[in-house]
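Since the structure comes first, as structure tokens, the remarks are kept for the end.
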Amino acid sequence: MPCVLIPDDLRTRLRGLRFASRHPALRQGLGQHQGRSRGAGLEFEQYRAYEPGDEPRRVDWKLYARSDRFFVREAARDSPLSVWVLLDASASMAQADAARPAYSKFAAAKLLAACLAEVATLQGDSCGIASLSSKGVAVAPSGSGARHRDRLWLALEPMRTQGEWPIEAQLAPLWERILPETVVVIISDGLDAALPAFAARLAAARRQVLSLGLISCEERDFPFVGGYVFVDPETGAECRSDGAAARAEFLARFTAARTALARELARCGIRHVDHCLDEAPDVPLRRLLARA
Amino acid sequence: MIELLAPAGLAAAAALVVPVIVHLVRRSDRRVLSFAAMRYLRSRAHPRARLRVDRPLLLALRLMLLAGLAVLLALPAWREHASPARPWVVVAPGVDALAARAAVHAPLAEWHRLGNGFPPLPDATDAAALAADARLAAEPAPINTLLRQLDRDLLPTVALTLVVPESLADLDAERLQLGHAATWVPVLGSSPVRPPAGGAPDADRARGIAPAGAALRIAVRYDAVGASELPIVRALGAAWAADGRAIAWDIAASDAPLPPPPAWVFWLGGAVPESLRARTRAGAQVLVTRLAASCGEVVLDSPRGAVLRAQVLGQGRLLCWTDALRADASQALVAPDFPQRLWSVLAAPMRVPASAPARSVAPLAVTRDDFAPARSLVPPLAAALAALFLVERLVATRRRTRPAA
Numbered sequence: 075m076p077c078v079l080i081p082d083d084l085r086t087r088l089r090g091l092r093f094a095s096r097h098p099a100l101r102q103g104l105g106q107h108q109g110r111s112r113g114a115g116l117e118f119e120q121y122r123a124y125e126p127g128d129e130p131r132r133v134d135w136k137l138y139a140r141s142d143r144f145f146v147r148e149a150a151r152d153s154p155l156s157v158w159v160l161l162d163a164s165a166s167m168a169q170a171d172a173a174r175p176a177y178s179k180f181a182a183a184k185l186l187a188a189c190l191a192e193v194a195t196l197q198g199d200s201c202g203i204a205s206l207s208s209k210g211v212a213v214a215p216s217g218s219g220a221r222h223r224d225r226l227w228l229a230l231e232p233m234r235t236q237g238e239w240p241i242e243a244q245l246a247p248l249w250e251r252i253l254p255e256t257v258v259v260i261i262s263d264g265l266d267a268a269l270p271a272f273a274a275r276l277a278a279a280r281r282q283v284l285s286l287g288l289i290s291c292e293e294r295d296f297p298f299v300g301g302y303v304f305v306d307p308e309t310g311a312e313c314r315s316d317g318a319a320a321r322a323e324f325l326a327r328f329t330a331a332r333t334a335l336a337r338e339l340a341r342c343g344i345r346h347v348d349h350c351l352d353e354a355p356d357v358p359l360r361r362l363l364a365r366a
Numbered sequence: 196m197i198e199l200l201a202p203a204g205l206a207a208a209a210a211l212v213v214p215v216i217v218h219l220v221r222r223s224d225r226r227v228l229s230f231a232a233m234r235y236l237r238s239r240a241h242p243r244a245r246l247r248v249d250r251p252l253l254l255a256l257r258l259m260l261l262a263g264l265a266v267l268l269a270l271p272a273w274r275e276h277a278s279p280a281r282p283w284v285v286v287a288p289g290v291d292a293l294a295a296r297a298a299v300h301a302p303l304a305e306w307h308r309l310g311n312g313f314p315p316l317p318d319a320t321d322a323a324a325l326a327a328d329a330r331l332a333a334e335p336a337p338i339n340t341l342l343r344q345l346d347r348d349l350l351p352t353v354a355l356t357l358v359v360p361e362s363l364a365d366l367d368a369e370r371l372q373l374g375h376a377a378t379w380v381p382v383l384g385s386s387p388v389r390p391p392a393g394g395a396p397d398a399d400r401a402r403g404i405a406p407a408g409a410a411l412r413i414a415v416r417y418d419a420v421g422a423s424e425l426p427i428v429r430a431l432g433a434a435w436a437a438d439g440r441a442i443a444w445d446i447a448a449s450d451a452p453l454p455p456p457p458a459w460v461f462w463l464g465g466a467v468p469e470s471l472r473a474r475t476r477a478g479a480q481v482l483v484t485r486l487a488a489s490c491g492e493v494v495l496d497s498p499r500g501a502v503l504r505a506q507v508l509g510q511g512r513l514l515c516w517t518d519a520l521r522a523d524a525s526q527a528l529v530a531p532d533f534p535q536r537l538w539s540v541l542a543a544p545m546r547v548p549a550s551a552p553a554r555s556v557a558p559l560a561v562t563r564d565d566f567a568p569a570r571s572l573v574p575p576l577a578a579a580l581a582a583l584f585l586v587e588r589l590v591a592t593r594r595r596t597r598p599a600a
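Going line by line, the protein sequences match chains A and B. Counting along the first sequence from 1, when you hit position 242 you're at 316 in the numbering used here, and nothing is skipped either side. Counting along the second sequence from 1, when you hit position 159 you're at 354 in the numbering used here, and nothing is skipped either side.
Structure below.
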């Protein structure tokens with residue numbers, strides 16, 4: 075199936091990216107990540123004393139010859155990783171630049187989610203995607219393999235922005251699906267006040283949480299000159315202002331708010347990366363997935 | 196020289212206001228923008244209310260386009276500009292050449308006599324030419340016709356000075372209108388007049404003057420005061436009868452009906468009724484006594500002043516006797532030749548005014564556009580405007596390099 079979501083050059087640049095879990099994976103099966111399950115495998119982990127019930131073929135007979143005791147050779151098994159991508163689908167994510175009206179924040183978020191699914195699939199991990207909005211939480215269940223990746227891409231297509239950040243009860247299905255030890259990537263605009271608390275709760279339960287904050291060029295540069303009526307897409311509140319006059323104060327407050335968000339997330343051990351819409355999508359991913 | 200054939204079209208220039216308003220309004224309009232990070236914004240009003248024009252180049256193009264359209268509606272035309280020429284002084288018949296030269300100081304001008312071919316006016320040095328010109332000045336000439344011909348033939352830039360006698364004859368019914376700038380200089384004198392061609396029998400008959408052999412009818416109507424004037428009327432009748440004039444008198448009170456025209460009416464009944472005025476306008480001759488008319492031509496006077504004035508009413512004549520028609524009221528009545536003088540006034544043929552004061556018939560200035568053919572500038576202007584419109588469209592639809600500001 076041709077990939078319509080990810081341009082070819084971007085897909086090429088994604089090959090160098092890898093998810094790295096800080097937590098040993100719990101999942102059964104063969105993967106590329108350091109797992110907690112021990113047993114038969116390629117890489118030596120430890121010797122332990124023989125216990126009744128161990129398979130005779132796992133006894134290290136050469137060591138028995140030297141020490142006259144039964145030792146069982148154990149290897150660390152590389153386990154697959156589970157990745158969840160959570161998309162903020164609140165109405166504020168529809169923000170787009172006047173220079174590139176079709177490329178909204180949510181479109182960028184979909185592209186980044188598709189990239190993450192691609193990266194996870196390339197390294198054999200399972201991936202799931204959910205979009206979060208007060209009008210409903212859409213979940214594309216976790217799975218692995220190229221066909222599942224295509225299913226995820228298809229599931230991304232109908233997702234739309236609406237409403238606000240969901241309330242706690244609406245997020246309940248996520249807690250059942252996102253198990254501990256998984257990697258959770260939250261892609262949002264960072265403008266919803268409930269986001270840091272949600273991320274902190276996820277991180278507190280042994281999940282590795284990564285946060286991608288999307289910033290439009292107009293929010294970064296504030297290029298407006300002349301009279302404007304600024305309307306909040308979620309609450310409908312209006313603010314009449316002159317672009318040039320309000321620029322300096324807006325930029326100061328916006329930058330301070332982004333810094334505060336990054337600091338609050340970092341306090342919970344969450345890596346936060348800001349992404350401007352005019353950057354290449356692999357740049358923030360590279361920073362996000364870089365090994366600490 | 197560009198001139199506008201329909202200057203009212205320039206009123207369309209009022210439309211120039213529209214693009215100015217459009218460009219200003221677009222400037223002051225606040226744009227509505229969905230902005231997710233609005234919570235970090237503080238409301239800031241405009242720093243100052245300043246009228247600023249959006250896209251001044253486009254505005255200038257649009258203003259030029261509209262102004263051009265207004266000029267186009269005014270139908271511009273190109274007319275060759277004629278070079279200034281020597282002014283002309285034209286002297287009408289009835290004015291002596293030397294008197295005209297004394298009245299008008301125009302050393303550079305060409306002097307001409309108003310006559311066939313507009314012969315040049317001689318100066319004081321040429322006695323023979325002066326004598327010929329004096330003969331020409333004594334001949335009657337159709338002044339208006341000659342002036343119209345001059346107005347048509349002369350170059351439009353020639354300034355005219357017209358020296359005319361104060362009393363102008365040989366005018367026609369239409370007021371003179373000249374396209375040239377003309378100075379009208381009446382000097383002392385009067386136009387030569389043709390000898391009268393003889394009375395018109397139709398007019399005489401209408402006024403009651405009977406052909407030879409028939410009796411003239413005179414209707415006399417009197418009221419209580421007028422009855423005292425009847426003796427004079429009878430005396431007049433006796434005097435005229437003695438002169439051999441056949442007159443049929445019809446003397447009655449003022450409420451008696453008047454005989455059918457033609458007949459003279461002597462109205463001794465005070466105020467003139469409207470029916471009598473209507474009869475006068477239809478062509479009758481009416482003598483009214485005790486009516487101090489302030490206007491009218493004095494036709495009979497005495498050492499004490501005017502006693503009889505004639506007012507022309509329509510086709511007839513109203514003769515107003517100022518005092519009562521009694522010997523004790525007017526000295527003129529007792530003069531021995533009074534009946535003859537009154538008869539000559541009453542029987543005099545009515546004259547059409549043959550002359551007029553020159554000041555009252557000064558030519559009117561009109562704008563004439565048939566001096567030289569004007570070349571219409573509408574097609575080239577329309578082409579230029581079409582090109583301007585294309586440029587305007589190009590500028591208006593050009594991709595803007597910077598965001599709307």
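In this text, a Cβ means the ideal position worked out from N, Cα and C, and glycines have one as well.
CB of residue i within 8 Å of CB of residue j, strictly
i: L288 (chain A); j: I261 (chain A); result: yes
i: L269 (chain A); j: V347 (chain A); result: no
i: D356 (chain A); j: L88 (chain A); result: yes
i: S290 (chain A); j: K179 (chain A); result: yes
i: A149 (chain A); j: T235 (chain A); result: no
i: P534 (chain B); j: L431 (chain B); result: yes
i: L559 (chain B); j: L270 (chain B); result: no
i: A458 (chain B); j: T484 (chain B); result: no
i: A208 (chain B); j: L572 (chain B); result: no
i: A194 (chain A); j: A204 (chain A); result: no
i: S386 (chain B); j: R416 (chain B); result: no
i: D134 (chain A); j: R122 (chain A); result: no
i: E238 (chain A); j: E308 (chain A); result: yes
Residue range of the beta strand (DSSP E) that includes residue i
i: Y302 (chain A); result: 301-305
i: E198 (chain B); result: 197-199
i: G511 (chain B); result: 511-516
i: P314 (chain B); result: Unbroken run through P314 (chain B): none, as it is neither H nor E.
i: E361 (chain B); result: 355-364
i: V52 (chain A); result: Residue 52 (chain A) lies beyond the stretch modelled for chain A, which goes from 75 to 366, so this question has no answer here.
Cβ of residue i within 8 Å of any chain A Cβ
i: L219 (chain B); result: no
i: P598 (chain B); result: Confidence at P598 (chain B) is low in this model, with a pLDDT of 49, below 50, so its placement is unreliable and the value that follows should be read with caution. With 8 Å as the cut-off, P598 (chain B) counts as an interface residue toward chain A.
i: M233 (chain B); result: yes
i: P228 (chain B); result: Per the sequence shown, residue 228 (chain B) should be read as Leu rather than Pro. Answer yes: the Cβ-Cβ gap between L228 (chain B) and chain A drops below 8 Å somewhere.
i: L254 (chain B); result: no
i: R593 (chain B); result: no
i: R250 (chain B); result: no
i: L258 (chain B); result: no
i: R274 (chain B); result: no
Cβ of residue i within 8 Å of any chain B Cβ
i: A319 (chain A); result: yes
i: V259 (chain A); result: no
i: L363 (chain A); result: no
i: M75 (chain A); result: At M75 (chain A), the pLDDT of 39 sits below 50, so the modelled position is not reliable and the matter cannot be decided from this model.
i: F304 (chain A); result: yes
i: D199 (chain A); result: no
Outcome for residue i when other beta-carbon atoms lying within 10 angstroms are tallied against a minimum of 16
i: P396 (chain B); result: Because the pLDDT at P396 (chain B) is just 47, under 50, the model does not fix this residue reliably, and the point stays unresolved.
i: T356 (chain B); result: buried
i: H375 (chain B); result: buried
i: G394 (chain B); result: Because G394 (chain B) carries a pLDDT of 46, less than 50, the predicted location of this residue cannot be relied on, and the following value inherits that uncertainty. So G394 (chain B) counts as exposed.
i: W627 (chain B); result: As shown, chain B starts at 196 and ends at 600. That puts residue 627 (chain B) outside it, with no answer to give.
i: K184 (chain A); result: buried
i: D348 (chain B); result: exposed
i: W249 (chain A); result: exposed
Identity of the residues DSSP links to residue i by a beta bridge
i: C315 (chain A); result: Reading the sequence as shown, one finds Ser at residue 315 (chain A) and not Cys. BP columns for S315 (chain A) point to A:Y302.
i: Y417 (chain B); result: B:A448, B:L463
i: G217 (chain A); result: A:C201
i: D348 (chain A); result: A:G287
i: T378 (chain B); result: B:T356
Any non-hydrogen atom of the ligand SAH within 7 Å of residue i CB
i: L264 (chain B); result: The ligand SAH is not part of the structure shown, which contains no ligands of any sort.
Delimiting residues of the alpha helix (DSSP H) encompassing residue i
i: E255 (chain A); result: That residue, E255 (chain A), is in no alpha helix (DSSP H); it is neither H nor E in DSSP.
Along the region 307-335 of chain A, where does the CB come closer than 8 Å to a CB of chain D? Name the residues. Here chain D cannot be found, since the structure's protein chains are A and B.
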